[in-house]
Amino acid sequence: MKTQKKEWIIIAVIAAAALAGVLFLHFRRVMQKPQDVNLIRIMVGNTVMGEYSLYEDQVIEINGTNVCEIKDGQAVMIEADCPDKVCMHMQPITGKYGWIFCLPNEVFIEGIGDPNAPEDETGVDGVS
């Protein structure tokens, strides 16, 4: 009996940690200044693997476990060796939003704005 109770406690702690991580990322994005996404940042664990332009079509192999494809201004996960493959069914990262994660492989991809990109100085918005 004690083994089952310990297993449930471990599962609950892992689930709570995963939920806390997702909520942290969501609220971090909400609190940031809105910015057009023109890059993706790929992290494996706590290490930044690289940053890639959404405007350059390419296929990126990630740590031998996942494959991300950037095509037509969108980034998607096209391959993963994890058992559930949830990351392959997540919404693509586009010019306005996005993140993809693969918990079993500790892969996190987020859409970011390039702080060095020139700002639009025309004064014309999307409606004008």
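Residue numbers for the sequence shown follow our numbering, so the first one is 92 and each next one is one higher. We treat Cβ as the ideally placed atom computed from N, Cα and C, and that holds for glycine. Just so we're clear, the structure is a prediction, and the values are computed from it rather than from any experiment.
Distance, residue j Cα to residue i Cα
{"i": "Arg-119", "j": "Ile-153", "result": "24 Å"}
{"i": "Thr-138", "j": "Leu-145", "result": "20 Å"}
{"i": "Tyr-188", "j": "Lys-97", "result": "39 Å"}
{"i": "Gln-182", "j": "Thr-94", "result": "38 Å"}
{"i": "Val-198", "j": "Gly-136", "result": "6 Å"}
{"i": "Ile-133", "j": "Ile-101", "result": "28 Å"}
Check whether residue i and residue j have beta carbons under 8 Å apart
{"i": "Asn-157", "j": "Asn-196", "result": "yes"}
{"i": "Ala-166", "j": "Ile-131", "result": "yes"}
{"i": "Gly-186", "j": "Gly-155", "result": "no"}
Measuring CB atoms only, is the stretch 94 to 112 touching the stretch 168 to 185, in the sense that at least three cross pairs come out at less than 8 Å?
no
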